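When we follow UniProt numbering, the leftmost residue of the sequence shown carries the number 1, and every step to the right adds one. These notes concern the structure reproduced below.
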Amino acid sequence: MKAEKGEIFEWKKVEDGPEVWKVEIKKTAGETKPGQAVNEKKEEAQTDLFVLNVTLIEPRLKHPTIFKHFDALKEGEAFEILNDHDPKPLYYQLLGERGNIFTWSYIEQGPQWWRVQIKKNDLQNGETVGEIAAKDIRKAEVFKKYGIDFCCGGKKSLKQVCEEKGLDVEIVEAELENPTQPVSSANDYNRWQLDFLADYIYNQHHLYYYNELPVLKGLITKVTQHHGDNHPELKYMYSLFGQLVQELDTHFLREEKVVFPFIKALVQAKRSGSLEALNSQPSLTDPIRIMEVDHEAAGDILDEMQKLSNNYTPPADACNSYQFLYKKLKDLDEDLHQHIHLENNILFPKALKLDKELRS
1 MKAEKGEIFE
11 WKKVEDGPEV
21 WKVEIKKTAG
31 ETKPGQAVNE
41 KKEEAQTDLF
51 VLNVTLIEPR
61 LKHPTIFKHF
71 DALKEGEAFE
81 ILNDHDPKPL
91 YYQLLGERGN
101 IFTWSYIEQG
111 PQWWRVQIKK
121 NDLQNGETVG
131 EIAAKDIRKA
141 EVFKKYGIDF
151 CCGGKKSLKQ
161 VCEEKGLDVE
171 IVEAELENPT
181 QPVSSANDYN
191 RWQLDFLADY
201 IYNQHHLYYY
211 NELPVLKGLI
221 TKVTQHHGDN
231 HPELKYMYSL
241 FGQLVQELDT
251 HFLREEKVVF
261 PFIKALVQAK
271 RSGSLEALNS
281 QPSLTDPIRI
291 MEVDHEAAGD
301 ILDEMQKLSN
311 NYTPPADACN
321 SYQFLYKKLK
331 DLDEDLHQHI
341 HLENNILFPK
351 ALKLDKELRS
């Protein structure tokens, strides 16, 4: 009870055996201290939220308890968790098991305490930014202008994103109504057949990565060796790039060996009217959730690289190789975000819908 509700009660023994134990439990106001799970009084602009102190919970029960609290939330409701280390692994587990239906916001980030607000999204709050970009890719330029993530964070509504970023939703909506780029039917991905779109992603984005990887590896190694002492951020950038490569290598292999063939089999089953090939196949839901978790992990690394490099802006004393490295990294960043957008907002939702339709 202390772990789940915090120190907001008094525990008084009335009878202490040997046959009967009677305890009086009285709810108290409690105190607000770091490390205490209480219904804290937030700043005036915020409402009171329940704070779950994860450090007080038995290790094997930590994640199940957090999931229990999350599942009990109604849309739009939130609670906070308090931990003595970064709970980011929980984020990926929650994303993988519940899907992209929540907002994860850091309130405190160490060094002693990590406090995170977990909010269940209001799924009836209008189109998501991913859906908006999927219907008209020209509107993605408006999102980029305001720093709105329509790829990894594409399942949030425009209203929700604007509230989180302190943007005037009416101004953003007005710009979305009047995109300046000309319409190009060649890039109307939302109308493409799913098997064709899967092939396009492989040929346009996977092959781009495979072709650019040797160049980038050589560049970042050379630049870090020559300039790492004067620009120590390069050494961290080198480490982040290594993490990104490890993440993408595994991810692309899963897509090419499992997800894309699965999607093509679904398309073929619909065309032929024969569902025999699907009888031995499980649902597409779990593989796609894994892909979305991978996308989140890659997106987090890209965000770190972007911040570390000031949006890939080379320093004043950067040599030609240094400048070229940042240009190539920026190109990779943009290509990966477009890749993730096509999958998270178009390919995967449509494939899941088709899978459900064929099995019903």
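We treat Cβ as the ideally placed atom computed from N, Cα and C, and that holds for glycine. Here the structure is a predicted model, which is why all the values come from computation and not from measurement.
So, helix, strand or coil for Gln109, using DSSP?
-> In the sequence shown, the residue the question calls residue 109 occupies position 109. In this structure, Gln109 counts as strand in the three-state DSSP scheme.
Have a look at the DSSP bridge pairing and note the partners of Arg115.
-> If you number the sequence shown from 1, residue 115 lands on position 115. Per DSSP, Leu82 and Glu108.
So is Cys319 buried or exposed if we call it buried at 16+ other beta carbons inside 10 Å?
-> On the sequence shown, residue 319 is found 319 positions in, with the first residue counted as 1. Cys319 should be labelled exposed.
Lys159 versus Cys151, Ile171 and Cys152, residue with shortest Cα-Cα distance | The sequence position of residue 159 within the sequence shown is 159, counting from 1. Ranking the options by Cα distance to Lys159, first place goes to Ile171.
Apply the 10 Å Cβ neighbour rule to Ile118 and answer buried if 16 or more other Cβ atoms are within range, or exposed otherwise.
-> Taking the sequence shown and counting its residues from 1, the one referred to as residue 118 is at position 118. It counts as buried.
In terms of alpha-carbon separation, which member of Met291, Gly154, Phe196 and Lys22 lies closest to Thr250?
-> Your numbering for residue 250 matches position 250 in the sequence shown. When each option's Cα is compared against that of Thr250, the closest is Met291.
Where does Phe102 sit, in a helix, a strand or coil, going by DSSP?
-> Locating residue 102 in the sequence shown gives position 102, counting from the first residue. Strand at Phe102.
What residue range is occupied by the uninterrupted beta strand (DSSP E) comprising Phe260?
-> In the sequence shown, counting from the first residue as 1, residue 260 sits at position 260. Phe260 -> not in any beta strand (DSSP E); alpha helix (DSSP H) instead, spanning Phe260 to Ser272.
Enumerate in chain order the residues of its own chain whose CB-to-CB distance from Leu308 is below 8 Å, with the five nearest sequence positions on each side excluded.
-> Within the sequence shown, numbered from 1, the residue matching residue 308 stands at position 308. Same-chain partners within the cutoff: Glu233, Tyr236, Met237 and Leu240.
Among Trp104, Asp86 and Pro59, the one whose alpha carbon lies nearest that of Gly76 = Taking the first residue of the sequence shown as 1, we reach residue 76 at position 76. Looking at the Cα atoms, Trp104 is the closest of the given residues.
Spatial neighbours of Ile301 within its chain, please: CB distance less than 8 Å, with the 5 preceding and 5 following residues excluded, ordered by chain position.
-> On the sequence shown, position 301 is the one that residue 301 refers to. Contacts found: Leu240, Gln243, Leu244 and Glu247.
Per DSSP, which one or two residues make a beta bridge with Glu10?
-> In the sequence shown, counting from the first residue as 1, residue 10 sits at position 10. According to DSSP, which records beta bridges pairwise, Glu10 is partnered with Lys26.
When the Cα atoms are used, what is the spatial distance from Ala198 to Glu58?
-> What you label residue 198 is simply residue 198 of the sequence shown in a count that begins at 1. What you label residue 58 is simply residue 58 of the sequence shown in a count that begins at 1. Distance between the alpha carbons of Ala198 and Glu58 is about 44 Å.
State the CB to CB distance for the pair Phe262 and His206, rounded to an integer number of angstroms; the pair is presumed to be in contact (CB under 8 Å).
-> The sequence position of residue 262 within the sequence shown is 262, counting from 1. The sequence position of residue 206 within the sequence shown is 206, counting from 1. Not quite, the Cβ-Cβ distance comes to about 16 Å (not below 8 Å), so this is no contact.
Looking only at C-alpha atoms, which of Ile288, Leu358 and Lys68 sits nearest to Val259?
-> To locate residue 259, count along the sequence shown from 1; it is residue 259. Ranking Ile288, Leu358 and Lys68 by Cα distance to Val259 puts Ile288 first.
Close Cβ partners of Asp122 (< 8 Å) along its chain, the five nearest in sequence each way excluded = Taking the sequence shown and counting its residues from 1, one reaches residue 122 at position 122. Cβ within range, chain order: Glu75, Gly76, Ser157 and Gln160.
Would you check if the distance between the CB atom of Ala140 and the CB atom of Asn190 is smaller than 9 Å?
-> Along the sequence shown, one-based indexing puts residue 140 at 140. Along the sequence shown, one-based indexing puts residue 190 at 190. Cβ atoms of Ala140 and Asn190: not closer than 9 Å.
To which residues of the same chain is Leu332 closer than 8 Å at the C-beta, ignoring the five residues directly before and after it?
-> Locating residue 332 in the sequence shown gives position 332, counting from the first residue. Correct list, in chain order: Tyr209, Glu212 and Leu216.
Environment of Phe196 [buried if 16+ CB atoms lie within 10 Å] = Walking along the sequence shown from the start, residue 196 turns up at place 196. Exposed is the call here.
Local Cβ density within 10 Å of Thr25, reported as buried at 16 or more and exposed below that = Counting from one through the sequence shown, the residue named residue 25 turns up at place 25. A quick correction: the sequence has Ile, not Thr, at residue 25. Its Cβ having fewer than 16 others within 10 Å, Ile25 is exposed.
If you pair each beta-carbon of the segment 91-110 with each one of the segment 65-72, do three or more pairs fall below 8 Å?
-> yes
How is Thr313 classed by DSSP in three states: helix, strand or coil?
-> Along the sequence shown, read from residue 1 onward, the residue named residue 313 stands at position 313. Here Thr313 sits in coil by DSSP.
Residues bridged to Ser157 (per DSSP) | Position 157 of the sequence shown, counting from 1, holds the residue named residue 157. DSSP lists Thr128 as partners of Ser157.
Hey, could you find the ends of the alpha helix (DSSP H) Val54 is sitting in?
-> Taking the sequence shown and counting its residues from 1, one reaches residue 54 at position 54. Element bounds for Val54: n/a, residue is neither H nor E.
Phe196 by DSSP, collapsed to three states: which one?
-> By one-based count along the sequence shown, residue 196 stands at place 196. Helix.
Below 9 Å between beta carbons: does that hold for Leu352 and Val267?
-> Reading the sequence shown from its first residue, position 352 is the one you call residue 352. Reading the sequence shown from its first residue, position 267 is the one you call residue 267. Not closer than 9 Å, so no.
Compute the Euclidean distance between the alpha carbons of Phe348 and Gln306, then round it to the nearest angstrom.
-> Start at 1 with the first residue of the sequence shown, and residue 348 comes out as number 348. Start at 1 with the first residue of the sequence shown, and residue 306 comes out as number 306. Taking the straight line joining both Cα atoms gives about 26 Å.
Mapping DSSP to helix, strand and coil, what is Phe50?
-> Stepping through the sequence shown from its first residue, residue 50 is reached at position 50. Of the three classes helix, strand and coil, the one that applies to Phe50 here is strand, per DSSP.
Could you give the DSSP three-state label for Lys120: helix, strand or coil?
-> The residue labelled residue 120 in the question sits at position 120 within the sequence shown. Reduced to three states, the DSSP call for Lys120 is strand.
Member of Arg138, Thr285, Gly147 and Gly153 whose CA lies at the smallest distance from the CA of Asp188 = Start at 1 with the first residue of the sequence shown, and residue 188 comes out as number 188. With distances taken between Cα atoms, Asp188 lies closest to Arg138.
Thr285 versus Lys257: straight-line alpha-carbon distance, rounded | Sequence index remark: in the sequence shown, residue 285 carries index 285 (1-based). Sequence index remark: in the sequence shown, residue 257 carries index 257 (1-based). Whole-angstrom Cα-Cα distance: 16 Å.
Below 7 Å CB to CB, which residues in the same chain sit around Leu325 once its five sequence neighbours on both sides are set aside?
-> Translated into the one-based positions of the sequence shown, residue 325 becomes position 325. Around Leu325: Leu219, Ile220 and Val223.
Taking all protein chains shown into account, do 16 or more other C-beta atoms lie within 10 angstroms of the C-beta of Trp114, making it buried, or fewer, making it exposed?
-> As a position in the sequence shown, residue 114 is number 114, starting the count at 1. Trp114 is buried by the Cβ-count criterion.
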